[in-house]
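Accompanying notes for the structure given below.
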Amino acid sequence: MELLGQQILAGIATGAIYACMALAVVMIYQAIDHLNFAQGEMAMFSTFIAYQLMLWGLPYWVAFPITLIVSFIGGVLIDRVVFKPIHDAPILSHVVVFIALLAILNSTAGFIWDFTVKSFPSPFGSAPLFGSSLISAHQAGMIGVTLLLLVLLFVFFRYTRIGLSMRAAAANPASARLVGVRVGWMNALGWGMAAAIGAIAGILIAPVVFLEPNMMISILLYGFAGAVLGGLTSPAGAVLGGFLVGIVENLAGTFIPVIGGELKLPIALMLIVAVLVFKPSGLMGRTVVQRV
Amino acid sequence: MSTLLDVKGLVAGYGGIPALHGVEFNLEEGGVTTLLGANGAGKTTTLRALCGMIRARGEATFAGKRLIGMQTEDIVRLGIAHVPEGRGTFTRMSVEENLQLGAMTRRNGSDIKQDIERVYDHFPRLRQRRAQQAGTLSGGEQQMLAIGRALMLRPRLMLLDEPSFGLAPLVVREMFHILAALNRDEKVSMLLVEQNASLALSLADTAYLLETGRIVTSGPAAQIREDEGVRRSYLGY
Amino acid sequence: MHFDKMSRRSLATGILVGAAFAASGALAQKNYGPGVTDTEIKIGNIMPYSGPASAYGIIGQVETAFFKMINEQGGINGRKINFISYDDGYSPPKAVEQARKLVESDDVLFIFNSLGTPSNSAIMKYMNAKKVPQLFVATGATKFSEDPKTNHWTMGWQPSYQSEGRIYGKYILQNHPNAKIGVLYQNDDFGKDVYKGLKDGLGDKAKTLVVADAPYEVTDPTIDSQILKLKAAGVDLLIDFSTPKFAAQSIKKVAEVGWKPLHIVNNVSASIGSVFKPAGLDNGIGVLSTGYLKDPTDTKTQQDPTVKEFFSFLDKYMPDADRTNLNLAYAYAVSQTVAQVLKQCGDELTRDNIMKQAANLKDFRSPLFLEGITANTSPTDYFVLEQLQMMKFNGQSWDFFGPIISAEAAKS
Amino acid sequence: MAAPAETTLSSSASDAVASVEMPRAARRDGTIAWVSRITFLVVALAIPLLFKNFVVFQFTQMLVYAIAILGLNLLTGFNGQFSLGHSAFYALGAYTAAIMMDQYSVSYIWTLPAAGVICFVAGFLFGLPALRLEGIYLALATFSLAIATPQILKLSPLEHWTGGVQGIVIIKPDPPPGVPLNQDQWLYYFTLAVGLLLYILARNLVKSRSGRALMAIRDNPIAARSMGVNLALYKSLAFGTSALYTGIAGALGAIIIQFVAPDSFTLVLSIAFLVGLVVGGVGWLPGAIFGGAFVLFVPNIAEGVSKGLSGAVYGIILILLIYLMPTGAAGFVRAVLSRLKS
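Chains as they are written, first to last, in our numbering: chain A, 1 to 292; chain B, 1001 to 1237; chain C, 2001 to 2412; chain D, 3001 to 3342.
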């Protein structure tokens, strides 16, 4: 039973990584109504920018805000330069462009910083938290930051006019234009915010999994899974989903005999799909009821 | 009365296939003008062209400003509120959030709050459902919400695209009562597109008849309503 | 078993002396296979420059630089090396396509140091059917060297994963006979191969000594859960059969949870630059591994005149490369070995002779090999390097200890 | 990933870029179609005679990918269902062929129908629960399938059949006795014949009553249901048929590569199919050949431009292609055709 408790706690710690990523996924989904395949690579690239700034001698707390600003601008530029010219193209064409972006960012990062793993500092340190060996200060800090971001996003989307406009622009661009929402800029803003949140996620994740160009590819899978499980329309759901994915995966790996260890991710994914079959809009997503 | 909207030689279409071939009409400040015609005559296309949702050529002057070539978002800021075909509800948002979105171009927060209350006064059923997800409203309620959202702009001109579509006759009658009241009390000019010609002619003061992208006849609504020939050949009642 | 192999080897040596004699006779006349002219030798190579294994792409870069250096020094026997390296993204079908391109379109003399078990498995049949050497493959899977009869045209280079595993097994039996072993392994050919070697090395005791094992997938973001599982099973000797990123994670995680098992990582992850630095040098103190190459981060090694050549090569051709990355030394040493083979070939640059000379390495030493380690091959023995030495991390570099152990010795 | 399935095909396909059928031009269309078909056939038949074996092998691979993309197109383009899991069906087909040839010495020809049937059943069964999922949720379900596939293939209890992490090496088939072709040429013609047969079947399917039902479901599921179309059955059948195509492609792929291993069938393969589908044109069957060509050749071109930045070059080529032809080769060809007409 002690192992069960440990694995749940470890699942929460790992889940914090997924939750962080899931939040970035939901953010962009709110802004552009798509899942962004390149989200993980954007986060990775931002983290490398922070790494480079620190390599140039800037202290952590200077490099961090600069990275966020650069990432925000980068996100806006991606929208304006890459997506604006094709905003009429079908959704699948957009998906393909996400894939192209993924390839570009991954390859460029590898070219500049090579593919060997690099350590990345944590602002919280890696000492065990309260002497407990199960969760480190960094992991606790990561959970804290994730929850804080969640609250900020909730307030932003729920109570600010610009948050409302962004949701409107994503949900129904034509109608949004008709009430005067500048949809193009809302998209750009969404991209910028998603990039900045992705940067935070990358900077928090890198101390755990180490910085390298491929670090986000698998984490993005978990982030998607968490976001979809929790409900793509709900930031809180995404965070919950991220934690759940971490816990379920750890428990499957530890307690299912023979195949558990080898198939822990597929088992976790199958469980999620099973949940979705019965609750198609995720645990906390709002069901869209539409009358014809 | 002065001319609020003046349209000349309006040409527009979809994918290179023109649907309007030089439409001309105008609308007096404070008036209600209706565009009549069969399915596919170009009524909806005209509205879309006017508010920049599709590319168009020709001239459209609104209170001295040329609309053609402007972005939809900027046209809205001139005070033109479009109640689109299909109502354009933000289904995942609450009724109140939908109304707030209508006032997106306005700055003054307390004015907006008052206006929301005013919309609720016009449409009490929306007040009951203010926190409800808009997608769950009935068709009639969604149409009211769409009109309410347009009012939140404090528009000078409302473009109404088939407000009666798919609604029960009782609901339609209620709706047109409210529209008449809005025109009378709030001095909102209206450009009304309708298939239900007799209904439209009862509200409008001026009417234009569209056929395959061209205006074929026009005149005061009362006169069109009495014109047996027009009625038989174009309006089908 | 031991005796049997010995006798085979001495028999083979006899044959080889004759062969070498014949080869020297052929020196006078020129005999060229595909891709060879009086001034050039074309060599092919396949590397995962992109995709999940792109961390190994650096090997191809070093090799490209190495041949550039050779060419600037006048080439080998007067011929420049035209080194054509393609990307397979670690995908077997792509490897087949690239191998066919190299052989059929670029007309290379042979393919050298193609990387990865899946990719090499995919092309092995083709290479042997075409009778094109698949020389010194960059994987330690036993199957590429163990059967020179069937796969005459395929040869490995580094000590095989299985013999490395066996060496750990022997070490544990001798030094920690009551250990409670926990194995963390990568769930692929590589991890399973070393694990098998360990079990072989532990022999009958494998069942009782290994108390827990935990596989991970390369797609797993972390291996925290596995480490906790092994810890909970009461493991006091942790063996890590993993690639650098995960070895670094496990060294760090073990320290974080305050666990103090005896920790062994396999040679693939013995790189200070890509494992111990990210994991935290202090966290790695006391970790054991095996090696066959000198540790370039060791200050003593840096004074070694034979190794200085390696550093001046890096200074000139790869000034930005991270010196602590073990793959640089690996790529340099394997390139030197192939250069030796080409030298031995003289003017008889045929595919046949490439294999003949590759199977005729006699006590060849790269300056980067540990003292006492030599490369020896024969037509019946395609294992180029078979010796390893145990080593312990001291927080800065590796301290080697104990004897040079050969896979043969570990087998008995 | 994708929003709800109905919008997958984008409203712009029906609004802005809609190809309006013009009856007068129909005959001219027919002529152009026949000219292009015959040109394609002549070129396709001539390839083995003009190029080296290696290039013939590449073209064979291209055809294999084209068949897989054809399968995906039947699902996504004509039924509006989105899949990131087709690498799983490709793998299933490949392993079916490999195991039959390796363990039971079955002739390669018979592995194709077997792979097709097995994949059809697998696809149909997968389609049943997937029915309740649309858009992004379906994407996640199929995506899970793609992730699980290599891990299941590696699974120790299955090692006896799958060869585990080591995979299975199979023997490349010789041409039938008396056929004056080498192995590569023979496999090329064999693949071409299979591909053409599958293409013609797909065309007939799309034009049939069932095909119209599939498209009706894509465009308006509610209306389709009210017209009496059995949604559950048709959507599952679409999944099954799509898997059948991709599975046969997988079997062919195994035969020409002579090797199957878990690492060959990762998510990357699914993504490649998707990219190929979009580049060729969603909902346009001949697009598959363009898609196959892109999947096979563009990474090589990118590598030729820059080894270190091949991924970036690939990405840029892809983005430029989408700029030039937002609806893939389909839109481009349509635009050229309409220019020819006027």
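Positions of the beta carbon are idealized from the N, C-alpha and C atoms, including for glycine.
Within the stretch 2179-2193 of chain C, contact with chain D at the beta-carbon level (separation under 8 Å) is assigned to N2187, D2188, D2189, K2192. Sequence-distant partners of M166 of chain A (beyond 5 residues in either direction) whose C-beta falls short of 8 Å from its own C-beta, in its chain, are Q30, A31, F157, M186, L189, G190. G184 of chain A has its alpha-carbon roughly 27 Å from the corresponding atom of A1063 of chain B. Cβ neighbours of Q2158 of chain C within its own chain (closer than 7 Å, five residues either side excluded): G2140, L2385. Your pair F2241 of chain C and Y2171 of chain C does not check out as a contact, with CB atoms roughly 15 Å apart and the cut at 8 Å. Annotation: G40 of chain A has no Cβ neighbours in chain B at a cutoff of 8 Å; minimum Cβ distance is about 26 Å.
Non-local C-beta neighbours of T2374 of chain C in its own chain, meaning closer than 6 Å and more than five positions away in sequence, comprise D2363, R2365, ordered along the chain. When DSSP reads this structure, W3186 of chain D sits in no beta bridge, so it has no partner. Selection D:G3071, D:L3231, D:N3053 evaluated against G3283 of chain D yields D:G3071 as nearest (Cα-Cα). When DSSP reads this structure, A2138 of chain C sits in a beta bridge with C:L2115. Pairing Q1133 of chain B with T1091 of chain B, the inter-Cα distance amounts to about 7 Å. Listed in chain order, the non-local C-beta contacts of G125 of chain A below 6 Å within the same chain comprise A137, local neighbours out to five positions each way being set aside. The alpha helix (DSSP H) runs lying completely inside the stretch 165-206 of chain A and spanning 4 residues or more are 173-178, given in chain order. Taking F3040 of chain D as reference, the option from D:I3118, D:V3179, D:F3290 with the minimal CA-CA separation is D:F3290. Counting the other CB atoms within 10 Å of its CB gives F2276 of chain C a total of 16 or more, which places it among the buried residues.
Using a Cβ distance threshold of 7 Å, K2245 of chain C and V208 of chain A do not count as a contacting pair.
Taking the C-beta atoms as reference points, T3191 of chain D is found nearer than 7 Å to L3252 of chain D. In the structure shown, M1175 of chain B falls within a helical segment according to DSSP collapsed to helix, strand and coil. Taking 7 Å as the cut-off, the Cβ atoms of I3217 of chain D and A3223 of chain D do not count as close. Interface annotation, Q3185 of chain D: not in contact with chain C, CB-CB separation never under 7 Å. Contact of P2215 of chain C with chain A is assigned, a C-beta pair being separated by under 7 Å. Using a 10 angstroms sphere on the CB of Q2303 of chain C, the tally of other CB atoms stays under 16, which defines it as exposed.
In terms of Cα proximity to R3203 of chain D, the closest of D:L3187, D:S3236, D:I3067 is D:I3067. Annotated three-state conformation of M215 of chain A is helix, per DSSP. N250 of chain A is outside the set of residues whose beta carbon lies under 7 Å from a beta carbon in chain B. Taking a Cβ-Cβ threshold of 9 Å, the residues of chain A close to M1053 of chain B are A174, R177, L178, in chain order. Around the beta carbon of T3031 of chain D, a 10 Å sphere encloses fewer than 16 other beta carbons of the protein chains shown; the residue is thus reported as exposed.
F115 of chain A counts as buried, since no fewer than 16 other beta carbons sit within 10 angstroms of its beta carbon.
Exclusion of the five residues before and after L1210 of chain B leaves V1023, L1035, L1036, G1037, A1041, G1042, K1043, T1046, V1216 as the residues of its chain whose Cβ lies within less than 8 Å of its Cβ. An exposed status is given to L3197 of chain D, since fewer than 16 other beta-carbon atoms sit within 10 Å of its beta-carbon.
Considered as a whole, the stretch 211-255 of chain A harbours 215-230, 235-255 as its complete alpha helix (DSSP H) runs of no fewer than 4 residues, in chain order.
For the pair K279 of chain A and P3262 of chain D, the Cα-to-Cα distance works out to about 32 Å. Between the alpha carbons of G3211 of chain D and V3229 of chain D lies a gap of roughly 11 Å. Contact with chain A is found for M1104 of chain B, since one of that chain's Cβ atoms lies less than 7 Å from the residue's Cβ. Taking C-alpha positions only, D2038 of chain C is separated from E2097 of chain C by approximately 29 Å. From the beta-carbon of N106 of chain A, the residues of chain D found nearer than 7 Å are G3311.
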